[in-house]
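Quick note: the sequence shown uses our numbering, first residue 74, plus one each step. Note sheet for the following structure.
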Amino acid sequence: MRDARNGSAPTGPTFAEIVDRRLTRRAALAGAAAAVPVMVFGGALAHAPSAAAYIGESIGFSPIALSEEDTVLVPPGYSWKTLIRWGDPLFPEAPALDLDNQSQASQERQFGYNNDFVGFFPLPDYRYPVSDRGLLAVSHEYVNPELMFPAYDGENLTEKQAAVEMAAHGATVIEVFEAAGEWLYSRRSAFNRRITAETAMAVTGPAAGHELLQTTADPTGANVLGTLNNCSGGKTPWGTALLAEENFQDYFGNAGGIDACDPRRAVHERYGLPAASSELGWEKFHDRFDASKEPNEPFRFGWIVEIDPYGPDSTPKKHTALGRFRHEAATVVIAPDGKAVVYSGDDQRFDYMYKFVSSRAYDPHDRAHNLTLLEEGDLYAARFEEGGTGCWLKLAAGEGCLADWSAADVLINTRGAADLLGATPMDRPEDIETNPVTGKLYAVMTNNTERAEGDTDAANPRGPNAFGHIIEITEEADDPTAAAFTWDIFILCGDPEIEEHRAYYAGYDMTKVSPFANPDNVAFDARGNLWIATDGQPERLGKNDGVFAVPTVGAERGYARQFVSAPAGAEICGPEFTPDNRAFFCAMQHPGEGGTIAAPTSTWPDNTSPAKPSLVVVTKAGGSRVIGS
Numbered sequence: 074m075r076d077a078r079n080g081s082a083p084t085g086p087t088f089a090e091i092v093d094r095r096l097t098r099r100a101a102l103a104g105a106a107a108a109v110p111v112m113v114f115g116g117a118l119a120h121a122p123s124a125a126a127y128i129g130e131s132i133g134f135s136p137i138a139l140s141e142e143d144t145v146l147v148p149p150g151y152s153w154k155t156l157i158r159w160g161d162p163l164f165p166e167a168p169a170l171d172l173d174n175q176s177q178a179s180q181e182r183q184f185g186y187n188n189d190f191v192g193f194f195p196l197p198d199y200r201y202p203v204s205d206r207g208l209l210a211v212s213h214e215y216v217n218p219e220l221m222f223p224a225y226d227g228e229n230l231t232e233k234q235a236a237v238e239m240a241a242h243g244a245t246v247i248e249v250f251e252a253a254g255e256w257l258y259s260r261r262s263a264f265n266r267r268i269t270a271e272t273a274m275a276v277t278g279p280a281a282g283h284e285l286l287q288t289t290a291d292p293t294g295a296n297v298l299g300t301l302n303n304c305s306g307g308k309t310p311w312g313t314a315l316l317a318e319e320n321f322q323d324y325f326g327n328a329g330g331i332d333a334c335d336p337r338r339a340v341h342e343r344y345g346l347p348a349a350s351s352e353l354g355w356e357k358f359h360d361r362f363d364a365s366k367e368p369n370e371p372f373r374f375g376w377i378v379e380i381d382p383y384g385p386d387s388t389p390k391k392h393t394a395l396g397r398f399r400h401e402a403a404t405v406v407i408a409p410d411g412k413a414v415v416y417s418g419d420d421q422r423f424d425y426m427y428k429f430v431s432s433r434a435y436d437p438h439d440r441a442h443n444l445t446l447l448e449e450g451d452l453y454a455a456r457f458e459e460g461g462t463g464c465w466l467k468l469a470a471g472e473g474c475l476a477d478w479s480a481a482d483v484l485i486n487t488r489g490a491a492d493l494l495g496a497t498p499m500d501r502p503e504d505i506e507t508n509p510v511t512g513k514l515y516a517v518m519t520n521n522t523e524r525a526e527g528d529t530d531a532a533n534p535r536g537p538n539a540f541g542h543i544i545e546i547t548e549e550a551d552d553p554t555a556a557a558f559t560w561d562i563f564i565l566c567g568d569p570e571i572e573e574h575r576a577y578y579a580g581y582d583m584t585k586v587s588p589f590a591n592p593d594n595v596a597f598d599a600r601g602n603l604w605i606a607t608d609g610q611p612e613r614l615g616k617n618d619g620v621f622a623v624p625t626v627g628a629e630r631g632y633a634r635q636f637v638s639a640p641a642g643a644e645i646c647g648p649e650f651t652p653d654n655r656a657f658f659c660a661m662q663h664p665g666e667g668g669t670i671a672a673p674t675s676t677w678p679d680n681t682s683p684a685k686p687s688l689v690v691v692t693k694a695g696g697s698r699v700i701g702s
């Protein structure tokens, strides 16, 4: 994926100085760590049983070793299975995958490609912690056509292939259940649904109907076809899934054909649209992906999309109030005053972290009201200061350096607004999740190899940063709507045995940890342990990507242990637990990437080529079946 530098970071202290400050501050806070308050916010794990009782409890599994095997590995006492894979039929009449006879119609009835976000929604109702039956909402980020079509030739893409690729994007909603200890999915569920690059969607919020969202096909600027490049996402307390449109710029070609004096061209350049052909070439068949012909179409992507998994006929909504950028994740918290707060990162080198605060309060008794909460509110960008403090900069249209900007201007060109306000450029901010026990935020920075040694700052202390890091954030007064926060470096990823990596694992004995690199998606169990899925270890550590469990409080704070190893070429995405923490779902994305059908680098999961992106479920045998206990 393309990651361009935008803006420069101020020269900061050396790495050694940063670590010294962190250790000094850690010592001062050590006594408080064991006495953190119990705080439960409005997310899926708010319903987990007795979360407070488990705080600080040790993780009980034996860690596995880093691997290069072309299979999934889990600790002794655990088992895994492929729950569903690319091309598996979702409906009784849907065909099985036939590589030589793929079509748009068949792919629209099958599980999509490159599964990423995974969200579990209990059945029959999101308000109850049912764990043996539910809906999985799964996003489909992008495609690897060289692993989809025999003898694929990117220079000679066919219209039929493009149609299949478009149908393989979007999302899947599928009913799953546990029977006799085995997880299965149902092809007959009335809830099953596919969302694609051509599914009709409504636009909400201040930018809906704005002239920059109006196109030849949609002069209203309020109705968009499809969603693209959905990476990590989120769940709301009112039972909906949030899909995060990330690298949408890769789907649009010929932005260089827009007049150089047209202000839209500068915005497209800031968002990384290519001047010439797009990565996939859909503009050969669809004018809407040709920015020189439809210069407004790219403005209709880069949003948070809300879907209702319980309403298979409902219309997805693109919420402009949450801003437009390369969204990674959308984590929802209910603040003490009832307002919904959504955290999201802009996954590009030297871009920013954001939060949205709704104008109105959440009502646990009025779902119809809650379904409108993300349509109006305030958007903020994060600024990290020396000494472990920070503030949220309000992107307020008509004020200060944004005096000449309308609300729609700010939301459509969110990056430009944050540039002017002076937000802190980060090392690819990805997932941002809230600990259900302590209320602290954990913000993931995947890497930034473009950051120079002399271009570091307190929150991004390594240059270049090849391995990524995780920042721990505490909102002032434990209030997610607060304007200020404190922060600390939780983990500087890498191999502690290699001095050049300059790793740090929350002060824990690094001779005992499972080293990892390039954290991407994260999740919490009911005890407040952080589960980290990685993307990039084959390049950085020479081993497959994995999932690592890390306590966040207590004597084992920072003690990382590997729980899952991915097959060759795959990153792991979408870590997700059932409410009782007895099943763990994760997505194996792009196994075999770098190969082709004829020359595979992976044959997982069926020992055949091509390898297939798939959803995996991990369970535990024996007495306590709680994952990680």
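Ideal placement from N, C-alpha and C gives every residue a C-beta, glycine not left out. The structure displayed is predicted, hence computed values, not measured ones.
Coarse secondary structure for residue i, derived from DSSP in three states
i, result
"E612", "helix"
"I132", "coil"
"V113", "Any reading at V113 must be qualified, since the residue scores a pLDDT of 33, below 50, and its modelled position is unreliable; no value is offered."
"A106", "With a pLDDT of only 37 at A106, under the threshold of 50, the placement of this residue in the model should not be trusted; the figure read from the coordinates follows. A106 falls in the helix class under three-state DSSP."
"V517", "strand"
"T685", "This sequence places Lys at residue 685; Thr is not what is there. Looking at K685 - three-state DSSP - the assignment turns out to be coil, as it is neither helix nor strand."
"A89", "The predicted position of A89 is uncertain, since its pLDDT is 48 and thus under 50; no value can be drawn from it."
"T393", "helix"
"N188", "strand"
"V483", "helix"
"L315", "strand"
"G471", "coil"
"H442", "helix"
"G567", "strand"
"F362", "helix"
"Y201", "coil"
"R99", "Per-residue confidence for R99 stands at a pLDDT of 46, beneath the threshold of 50, marking its modelled position as unreliable; no derived number is given."
"G375", "coil"
"Y324", "helix"
"G227", "helix"
Residues bridged to residue i [DSSP beta-bridge criterion]
i, result
"S638", "L146 and G619"
"W604", "A596 and A622"
"W153", "V691"
"W560", "I546"
"A275", "N296 and K390"
"K422", "Reading the sequence as shown, one finds Arg at residue 422 and not Lys. Paired residue(s): D500."
"Q183", "P162"
Extent of the continuous alpha helix (DSSP H) run through residue i
i, result
"S587", "From DSSP, S587 is part of no alpha helix (DSSP H); its letter is neither H nor E."
"G489", "T487 to L494"
"M239", "E232 to A241"
"V340", "P336 to R343"
"A178", "Q177 to Q180"
Residue span of the beta strand (DSSP E) that contains residue i, given as start and end
i, result
"R206", "R206 to H213"
"R524", "No beta strand (DSSP E) holds R524; DSSP gives it neither H nor E."
"Q662", "F657 to Q662"
"M426", "M426 to A434"
"R456", "G450 to F457"
"H400", "H400 to I407"
"R267", "R266 to I268"
"P648", "E644 to F650"
Residue-level contact to chain D via CB, residue i, 9 Å cutoff
i, result
"Y515", "Within the model displayed, chain D is absent; a lone protein chain is all it includes."
Nearest candidate by alpha-carbon position, reference residue i, set the options
i, options, result
"H283", "H392, T554, D482 and Y215", "D482"
"Q287", "W311, H213 and F374", "F374"
"M239", "T529, T300 and L565", "T300"
"D568", "A579, M583 and R206", "M583"
"A555", "V620, G463 and A496", "G463"
"I380", "G489, A408 and T313", "T313"
"P437", "K412, H663 and V147", "K412"
"R655", "D205, E142 and P195", "D205"
"L468", "T293, D530 and G396", "G396"
Discussion item. Quick test of the definition: if touching needs 3 or more C-beta pairs under 8 Å, does the segment 457–466 touch the segment 410–421?
Written reply: no
> How about the segment 358–372 and the segment 325–336: do they share at least three Cβ pairs that are nearer than 8 Å?
Replying inline: They touch, by the three-pair rule.
Exercise. Is the segment 144–158 touching the segment 676–691 in the sense that three or more CB pairs, one from each, lie closer than 8 Å?
Worked result: yes
Would you check if there are 3 or more beta carbon pairs closer than 8 Å linking the segment 623–632 to the segment 646–660? With the cut-off at 8 Å, the segment 623–632 and the segment 646–660 do not touch.
Check: Is it a yes or a no for the segment 129–148 touching the segment 210–230, going by three-plus beta-carbon pairs under 8 Å?
Finding: no
Contact between the segment 377–392 and the segment 255–272 is defined here as three or more beta-carbon pairs at a separation below 8 Å; is this criterion met? yes
Closer than 8 Å is the cut-off here; do at least three beta carbon pairs connect the segment 538–557 with the segment 509–524? yes
Notebook entry, point to check: Taking contact to mean at least 3 C-beta pairs separated by less than 8 Å, is the segment 608–617 in contact with the segment 636–643?
Noted result: yes
_Within 8 Å, do at least three Cβ pairs link the segment 332–339 to the segment 427–447?_
Per the Cβ contact rule, the segment 427–447 is not in contact with the segment 332–339 (fewer than 3 Cβ pairs under 8 Å).
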